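Each remark here refers to the structure printed beneath this line.
Protein chains: 2
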Amino acid sequence: MQQRSEETRSKIISSAIKLFSTRGYNAASVDDICKDAGISKGAFYHHFKSKQALFLALLDGWLQTIDNAIEASKDKTVPETFTQMTEAFPYIFQTAGAGLPMFLEFWLQASRDDKIWQASIAPYRRYHKHFTSLIKKGVEEGSFVEVNPELASRMIISTAMGLLLQSLLDPKGAKWEKVARESTTMLVNSLLKK
Amino acid sequence: MQQRSEETRSKIISSAIKLFSTRGYNAASVDDICKDAGISKGAFYHHFKSKQALFLALLDGWLQTIDNAIEASKDKTVPETFTQMTEAFPYIFQTAGAGLPMFLEFWLQASRDDKIWQASIAPYRRYHKHFTSLIKKGVEEGSFVEVNPELASRMIISTAMGLLLQSLLDPKGAKWEKVARESTTMLVNSLLKK
DNA sequence: AAAAACAAACTGACTGGTCGGTTTTTATCG
DNA sequence: CGATAAAAACCGACCAGTCAGTTTGTTTTT
């Protein structure tokens, strides 16, 4: 059985998430992560080829959860999908509080490191396309007003990203989940045909 | 005359902007900056108490330009102000290409470093208030439809931030200035009373 | 000559990654 | 089932390099 191995690996990952989130990628040293996980450096480098490889593994896992969420909404109608997204906001803001700096770190690293860029840009474009086709479908179905799907998709993603950023910078500046819910409602309402 | 001194200082600053933008705060070492600026480490630490102090100085300068832009639009009418903002987008996207990663870096550092957070949160809240009162004024004047100024302000800032982020992550993914212009137009149109 | 500006060698803490050796797990076979 | 050997997992001291910041001394300005 490789149960012990699995356990070590997951200990590394959760410690990495914790430390990358709070201190950032650079400030969280491999030694720190090992110490927090209660394992040795040898064990670390047995499981991950490098610090960057660990980072990439984290990115992968995170994208997986998004993909799963998208997959789960596959059979719903277009307006239903958006409603569901609205309902997901409180959860996102609640859980993302800690993970958000890391999310940002991913993007920042992505803009400079080609390997990481490749790993994060493809999913991003996929999500944009997903939204675009979703809106297009809504327009064709007749449930949405005539809009440029491409543009509307960019705007929705922008709003979401901007709200996440603002909530990161100033967590106590507003009731962010409320703002997010209302914003989404507003956006969707402006899309929906009355 | 302290002309030579001034020159050295500005050489440090422009090299810092250049290197922080391209490599990031951590990866750009003080030695690198000195080398790029063509000065010695002694000169660096003569002008700036620490690497962080330089970073803060950069942040200050950047906020200054925003404040100036706001100041310049003081006497215009509300719709005029927004129109002007729309027109400013191409310029922002054109010039910001290089500086944008640093903008993100500010955010990231701010979320972890209390000193930097203090320096950036106050201006941010000021800008939000500025927008809110601007929209409020527009509503009272009767040129805007009845909206929640607070919420509309958050949304406008979100959209702007999100677009900047997206353009940073995927510069070739879209004609961002065009998307930005259209998005702003769309937002403003939904605010304007017909 | 006093002070400000600058040069450059230096310090000490820290980092990612390696490596030889040890323990635990797993597969094999009598 | 139990002995055993190979393989996988793990340990932690160690290394070479890097970095922010210091110090000491020189040049330039006032």
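Order-wise, the sequence lines are chains A and B. Using my numbering, read the first sequence as starting at 241 and increasing by one per residue. Using my numbering, read the second sequence as starting at 241 and increasing by one per residue. Every residue gets a Cβ at the ideal spot worked out from N, C-alpha and C, and that includes glycine. Keep in mind it's a predicted model, so treat the numbers as computed, not measured.
Pairwise C-alpha distance: residue j and residue i
i              : j              : result
residue 297(A) : residue 349(A) : 14 Å
residue 430(B) : residue 419(B) : 16 Å
residue 288(B) : residue 342(B) : 19 Å
residue 316(A) : residue 399(B) : 27 Å
residue 275(A) : residue 245(A) : 17 Å
residue 258(B) : residue 344(B) : 14 Å
residue 407(A) : residue 243(B) : 43 Å
residue 413(A) : residue 278(A) : 37 Å
residue 363(B) : residue 383(B) : 27 Å
residue 247(A) : residue 266(B) : 32 Å
residue 311(B) : residue 416(A) : 29 Å
residue 403(A) : residue 346(B) : 17 Å
residue 268(A) : residue 260(A) : 6 Å
residue 329(B) : residue 371(B) : 17 Å
residue 306(B) : residue 434(A) : 40 Å
residue 351(A) : residue 340(B) : 11 Å
residue 323(B) : residue 302(B) : 23 Å
residue 327(B) : residue 283(B) : 41 Å
residue 292(B) : residue 308(A) : 41 Å
residue 281(B) : residue 428(A) : 55 Å
residue 397(A) : residue 285(B) : 43 Å
residue 264(A) : residue 314(B) : 39 Å
Closer than 9 Å at the beta carbon, the chain A residues around residue i
i              : result
residue 406(B) : 364, 368, 394, 397, 398, 401
Chain-ordered chain A contacts of residue i [CB-CB under 8 Å]
i              : result
residue 269(B) : Result: empty, since nearest Cβ-Cβ is about 12 Å, beyond 8 Å.
residue 410(B) : 361, 364, 365
residue 378(B) : Those do not exist, as residue 378(B) stays about 17 Å from chain A at its closest Cβ, beyond 8 Å.
Amino acids of chain B, ordered along the chain, whose beta-carbon sits closer than 7 Å to that of residue i
i              : result
residue 430(A) : 430
Within chain B, the residues that residue i reaches when beta carbons sit closer than 9 Å
i              : result
residue 423(A) : 391, 394, 395, 398
residue 419(A) : 390, 391, 394, 395, 398
residue 328(A) : Residues of chain B passing the Cβ test: none, with the nearest at roughly 17 Å.
residue 301(A) : By Cβ distance, chain B contributes nothing, its closest Cβ being about 20 Å from residue 301(A), past 9 Å.
In DSSP terms, what residue i is bridged to
i              : result
residue 432(B) : 384(B)
Where residue i meets chain A, residues with beta-carbon distance less than 7 Å
i              : result
residue 413(B) : 365
*asked:* Does the structure place the region 281-301 of chain B close enough to the region 241-257 of chain B that three or more beta carbon pairs sit under 8 Å?
replied: yes
*asked:* Please list, in chain order, the residues of the region 339-353 of chain A that have any C-beta partner in chain B closer than 7 Å.
replied: 341, 344, 345, 347, 348, 350, 351, 352
*So does the region 392-399 of chain A actually touch the region 361-369 of chain A, counting three or more Cβ pairs closer than 8 Å?*
yes
_Interface residues of the region 270-285 of chain A facing chain B [CB-CB below 9 Å]_ = From the region 270-285 of chain A, no residue has a Cβ closer than 9 Å to chain B.
*Counting Cβ pairs, one atom from each stretch, are 3 or more of them under 8 Å apart for the region 326-334 of chain B and the region 419-428 of chain B?*
yes
*Would you say the region 376-390 of chain A touches the region 373-393 of chain B, given that touching needs at least three Cβ pairs under 8 Å?*
no
*asked:* Closer than 9 Å between beta carbons: that is the criterion. Which residues of the region 252-269 of chain A meet it against chain B?
replied: 262, 263, 264, 265, 266, 267
*Using 8 Å as the Cβ pair cut-off and three pairs as the minimum, do the region 371-378 of chain B and the region 302-322 of chain B touch?*
Contact between the region 371-378 of chain B and the region 302-322 of chain B is present, because at least three Cβ pairs lie under 8 Å.
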